[in-house]
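Numbering (the numbering used here), first residue to last: 222 to 427.
Every residue gets a Cβ at the ideal spot worked out from N, C-alpha and C, and that includes glycine.
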């Protein structure tokens, strides 16, 4: 009986306009997030490499003057590499310090060195956490707010409870059916997001 309840709940969701809109919204957000992340990550990597090369060049110039030249003089900067998994959970990484100043006798930092042409600095990232925490959470509310009352109005709830069916089983079946329905847009969006980043993102950075 539980299997029939789950299957009927799943079919009801798949045939509803709410599910179609949720699927389209998740796909659009995932595709948009992947495109924006590729552009932003390329800029982060380019600026990181530029900063590291400047530091190595400065260190090389100091090394020409001997050990005293290395430990004295201007402070060298050590930079934190950008995270390649920011498309999953950005975690306000841009707000965290990304550099340390190092000399022969002191350590300055942490400090933040802004990128030259940073984008989306003031906006939340369209990562998987945003999609699950905001979009799918709202979709779960929209898809289930009339799950019981709707069946009570149509009379199917009385028909289900007329059988030897515990209420807990009915609620659990509806819960599982809704979880499966919400998992479909999420899995499709994740696959498309990962595919685009794999094809057009990291392969062009090597």
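Candidates 298, 265, 275, of which the one nearest residue 314 by Cα: 265
Runs of alpha helix (DSSP H) lying entirely within the stretch 234-307, each at least 4 residues, in chain order: 238-284, 288-292
CB contact flag (residue 357, residue 407, <8 Å): yes
Reduced DSSP secondary structure (H/G/I, E/B, other) of residue 322: strand
Nearest to residue 255 (by Cα), restricted to the options 403, 226, 395, 351: 351
Inter-residue CB distance, residue 363 and residue 239 (contact presumed, cutoff 8 Å): Between residue 363 and residue 239 the beta-carbon gap is near 5 Å, inside 8 Å, which marks them as a contact.
Whole-angstrom C-beta distance between residue 253 and residue 317, which should lie under 8 Å: About 24 Å; that fails the 8 Å criterion.
Inter-residue Cα distance where the pair is residue 337 and residue 268: The predicted model places residue 337 with a pLDDT of 47, which falls under 50 and marks its position as unreliable, so this point remains unresolved.
Three-state secondary structure (DSSP) of residue 317: coil
Reduced DSSP category for residue 347 - H, G, I as helix; E, B as strand; rest coil: coil
Three-way DSSP call (helix, strand, coil) for residue 222 in this model: The answer is coil: DSSP assigns residue 222 none of H, G, I, E or B.
Closest Cα partner of residue 402 within the set 263, 237, 390: 237
Best match in 297, 394, 304, 301 for proximity to residue 324 [C-alpha to C-alpha]: 297
Contacting residues, own chain, Cβ-Cβ under 7 Å from residue 386 (five flanking each side not counted): 222
Residue nearest to residue 410 in terms of C-alpha spacing, selected from 226, 232, 249: 249
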